[in-house]
């Protein structure tokens, strides 16, 4: 990918008119597309689009609750309310007479007496239906004195200042039978803290006069905001001295939040810009770079909006605001670009280095955001698409356009610029202790993950000015923490809808002891026909003619006694015994006008009636449970919003997190081709989330709907950091190019800038902005520390640290196999320790117990060796040799597995061990009981210890080298084994072990795929004089004999096919293409490699001309350790990769040369493998002739190439070369020049050489030829 963008940069350089035209086209596209967008500011778009949320939104809109604005005029404690009422009156008149009155649906300073009076008269007419049954019972049981008191109270009311207004109600209901009815009416209209004083609305504390304003429902959000701003100005101007005006409602709160955010944003943005620009100038030392940094995010944002204008023009304005915060990820691309350019000082090199990780990081982040498209909330769907388009456009802009804005190179400025260098002591400290720090911090934070809480109450995320908070307290008082619940009944029939609501309200009121604080329903004011008929019959049964006559007489007497006419209460007395006609259509119209939205017919013809209740959260939840299953009934409350948010975070976002995590994993796996690098790249992101959640749980930092979206921003940056860190480490491992300083600098710069940009929000007063600051700083700090410590630590442990020591890097498969073998060994040792006491308790002789125990050891070690299916075994043991006569068995020692192999062959085997094995807590007791001897003890002491076991048929195994060899070569033999054999008159049995040191080397726990061979040589009898006399001479001769046999075994086994797996392991973390090329190529060329190996001398100098990635060169080096191999190639990148193989020893070297002019050194063999056709014919002749001149007398030139002649076969050869060049795998300076076979013969004749055809392929035109000097016979 890097070559592609570097090539594109080269082809588009120097074309200003092309870029100008593209700029004009882009600007025109943006200009045409952006105006198509329509921004929707509905906050409910943050919620899932389901029925409950839609109904609650519609209900709040139809009742006016969501748009209602309360205007308060408050006086100090010592002042009278008159000045506040006067201020409210002036404000009411000013607002009604202003131009904004056309935008107002209604503005009230007092109850609508006309509607209330009409409905009150209706209530008097239907007294038997609407009267309270408890009050009616009290009336029936009242005596004359009680009735006299009722009439006296009525006289007092009528003589008060409000008597004229209340006269119809007092005379129509002197017994207060309709008091619950009027309380219900007030409950349906109240917000909890409003009363009426002097005919106007006031708060119940008597300190504040109120106006209630409802805007028209068809206003846009901006028109509502303008209206509220004008109203606030009018209210402020209308205030008398010492009177303060305040507004409360959804729109005023929104305006207050916007104003606060603007102030906070201005302050924090100023601070962050100063600090970030200072940081950029300090590090880069270029004044124009801060402006260039902003170009990619700006381009990405405008492009995203333009594309949205065509594919999704209805955009959530909130999503647009949140997406703006994600521009920090786009800024991160600029950090990587300029930091790598500063490091490499070359544009093409920079593009080759950053293209793949930048596009990979962008792709994974884009996929994470596109996962939001599966959410139900429109805000999140819009955010996902906006962010994906913005980041994609920004990344492509950085790679395609930014190089032309910057220039082709990075000139060295005055001074080197800033550097991020950790002090040496601190660096050593973190390098040594970071694993422990990470382990301790992770273990410490893990228990607190479950304590993370989510702030699901949206009110706690709003900012309220002090005057708003005071006004809110006056309005709602102690009910501030109560929830409002809507009991909704819907049905096609009006009467059925009302009947459903009556049953639900009745059930909820029956649980009043643990239920809602208040509950008022329209059915209390206008019952259903069935309920009215039921109540009417019950009334008639209670107020029969006798009771009515008695009541009439009592009220007439009381009226006369209190100065009334005898028939003053005639309307009331007539209702006591009258017949109710419940069919007044005007009553329904008055009720709908009185309670807008609570009783209405929906557009689809259904009727909806709504009761309103208030209560604590627990009571609301119990009310929901109580009404579940009731036909036509649903309960809506603000808890639905909380539930939906919790569901959004707990279910939807977790589901999307899993989906996007899997997508990211798959993308990383496809890119890197190895599960190990995928996990090493992904695990730091996972670990950082553990830290973030743990810290939030530990310190009580809550998540909310806003800062949870910031987490996607943190995820995007963390993903980017981890990918660039992986690319930097793998780049150094691949070819030795050290990009890590640039990677670390860009990561630190990006993280510090983000911490500055979001951390300054701690100075903000808005709670949401402060929550962003806290979470962002915590998250970025965790990701920065982990990406700079944990990820390099994993790479050092699994790959780079091991390769630096010449060891195989771990793979997941090899790690699991090694772990299984280690666990199997430990479990086996534990079983042996457990069996030891049981063996000791057996009622047999000690010798029998030892023989049983030694046989158990044999079976255990044999099972361990053979259960490792990744190793092939070729075992020719010594069991038959030692069965007839005890012996001293000697073997070469390269691995811990040698011990298991020697013990698994036969029972009754003792072994010489060192002090560490003797004292081991795992198997020390086992070896001591079995009778093993210690190498540290005096040899004569060991001789005496072995006399008795040898006499009983036991043999002893000794490794004469005394320690494991690191190189696989046999070390010096000690004399001890031969001294023991001489003193005990035992034969010596040499056993050659091969492949065990490769399977598991010294100080290495990795168990590799290996071929294990055991060769038992003929026993050397004590009197066999072929090996000399005396243990000193026998030591030397047996050592020489052993070495010669071991060399023969190695020569027979260690061919290129044997080292194929080791070769592939040198390339597995250098890219999936290269790894699979090696796997496939070595399988296809298996026979070819064997033939070349046989042709090249095992000692001497070899030059591989056109070595490429060095696979043949490395195989020749591994299969012939005594060879001096030089690989040369014109492709510097391939030579760099070949030079950075961990199996490269001191006898292998590489160089980058131009084969057209290269003068090869003197060598014993020259290898041309698929390279001559990349040279011009003259260069081919020159190079072959030069090799012939410098070739040693017994040297040879080995040529493998495709030769013209057979057109059918040669087409296949041409096809493979065509694709290898066009996909960028091979480089060709000119067109290919394949030669005929006769060309080689001609060059050979000129140089005095003969040509031998060694191998001809059947499927292609490739042949393997050898050019050598003719024999002198």
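Numbering (my numbering), first residue to last: 10 to 1282. In this text, a Cβ means the ideal position worked out from N, Cα and C, and glycines have one as well. Please read all numbers here as calculations on a predicted model, not as lab measurements.
Which value, in whole angstroms, describes the spacing of the CA atoms of residue 99 and residue 247?
Cα-Cα distance, rounded: 6 Å.
Buried or exposed (CB count within 10 angstroms, at least 16 for buried), residue 759
By the neighbour-count rule (16 or more Cβ atoms within 10 Å), residue 759 is buried.
Which residues does DSSP pair with residue 1177 in a beta bridge?
1114, 1208, per the DSSP bridge assignment.
Using the three-state DSSP reduction, which class does residue 1151 fall into: helix, strand or coil?
Note: residue 1151 maps to coil in three-state DSSP.
Closest Cα partner of residue 689 within the set 1124, 180, 809
Taking only the C-alpha atoms, the option nearest residue 689 is 809.
Leaving aside the five residues before and after residue 363 along the sequence, list all residues of the same chain whose C-beta is less than 7 Å from its C-beta, in chain order.
Annotation for residue 363: 345, 346, 349 place their beta carbon closer than 7 Å to its own, counting only its chain and skipping 5 residues before and after.
Span of the beta strand (DSSP E) around residue 616:
616-624 is the extent of the beta strand (DSSP E) around residue 616.
DSSP state of residue 293, grouped into three classes?
Helix.
DSSP-derived helix/strand/coil call for residue 992:
Correct three-state label for residue 992: helix.
Limits of the beta strand (DSSP E) - the one that residue 1369 falls within
No information on residue 1369 is available, as it lies outside the stretch 10 to 1282 that the chain covers here.
Quick check on DSSP: helix, strand or coil for residue 1271?
Assignment of residue 1271 by DSSP, reduced to helix, strand and coil, places it in the strand class.
Let's see if you can read the secondary structure: which residues bound the alpha helix (DSSP H) around residue 786?
First-last of the alpha helix (DSSP H) with residue 786: 776-804.
Please list, in chain order, all residues of the same chain as residue 252 whose beta carbon is under 6 Å from its beta carbon, the five residues on each side excluded.
Result list for residue 252: 82, 84, 92, 93, 96, in chain order.
Going by C-alpha to C-alpha distance, which of 827, 878, 147, 918 sits closest to residue 1303?
In the structure displayed, the chain extends from 10 to 1282; residue 1303 sits before or after that span and is not available.
For a minimum of 3 consecutive residues, which ranges assigned as the beta strand (DSSP E) are wholly contained in the region 1053-1133?
Taken in chain order, the complete beta strand (DSSP E) segments of 3 residues or longer contained in the region 1053-1133 are 1109-1114.
Return the CA-CA distance between residue 184 and residue 477, expressed in angstroms with no decimal places.
Looking at the two C-alpha atoms, the distance is approximately 42 Å.
Output the boundary residues of the beta strand (DSSP E) element that contains residue 258.
Following the DSSP letters along the chain, one finds residue 258 inside the beta strand (DSSP E) bounded by residues 253-258.
Where residue 293 falls, given that 16 or more other Cβ within 10 Å makes a residue buried
That one is buried.
Can you give me the C-alpha to C-alpha distance between residue 1115 and residue 1014, rounded to a whole angstrom?
One Cα belongs to residue 1115, the other to residue 1014, and the distance between them is close to 37 Å.
Under the three-state DSSP convention, the category residue 478 falls into
The three-state secondary structure of residue 478, taken from DSSP, is helix.
What is the DSSP secondary structure of residue 1262, counted as helix, strand or coil?
Strand at residue 1262.
Spatially closest choice to residue 982 from 1046, 527, 440, 959, by CA coordinates:
The shortest C-alpha separation from residue 982 is found at 1046.
Whether residue 842 touches residue 865 by CB criterion (8 Å)
No, the pair does not count as a contact, with Cβ atoms beyond the cut-off.
Which residues does DSSP list as the beta-bridge partners of residue 712?
In the DSSP assignment, the residues bridged to residue 712 are 463.
Who are the Cβ neighbours of residue 539 in its own chain at under 8 Å, not counting the five residues just before and after it?
Within the same chain, residue 539 has close Cβ partners 504, 508.
Cross-strand partners of residue 1277 (DSSP beta bridge)
DSSP output for residue 1277 lists 1205, 1259 as bridge partner(s).
Counting only the same chain and skipping the five closest in sequence on each side, list residues whose C-beta sits under 7 Å from that of residue 309.
Taken in chain order, the residues that qualify are 339, 399, 400, 402, 403, 406.
CB of residue 90 within 8 Å of CB of residue 141, strictly
Judged by their CB atoms, residue 90 and residue 141 are not nearer to each other than the 8 Å cut-off.
Limits of the unbroken beta strand (DSSP E) element including residue 1217:
Unbroken run through residue 1217 is the alpha helix (DSSP H), 1216-1231; no beta strand (DSSP E).
Residue 544 vs residue 531 beta-carbon contact at 8 Å:
With contacts defined as CB atoms closer than 8 Å, residue 544 and residue 531 fail to qualify as a contacting pair.
Am I right that residue 129 and residue 178 are in contact with their C-beta atoms under 8 Å? What's the rounded C-beta distance?
That belief holds up - the Cβ atoms of residue 129 and residue 178 are roughly 6 Å apart, short of 8 Å.
Which residues does DSSP list as the beta-bridge partners of residue 47?
In DSSP, residue 47 forms a bridge with 323.
Given a threshold of 16 other Cβ atoms within 10 Å of its Cβ, counted over all protein chains shown, does residue 947 qualify as buried or as exposed?
Counting Cβ neighbours within 10 Å, residue 947 comes out exposed, since fewer than 16 surround it.
Whole angstroms are fine: how far does the CA of residue 790 sit from the CA of residue 710?
If you take the alpha carbons of residue 710 and residue 790, they lie about 15 Å apart.
Are the beta-carbon atoms of residue 1293 and residue 942 separated by less than 8 Å?
Here the chain has residues from 10 to 1282 only, and residue 1293 is not among them.
Taking residue 42 as the reference, give the member of 733, 315, 993, 1245 with the closest Cα.
With distances taken between Cα atoms, residue 42 lies closest to 315.
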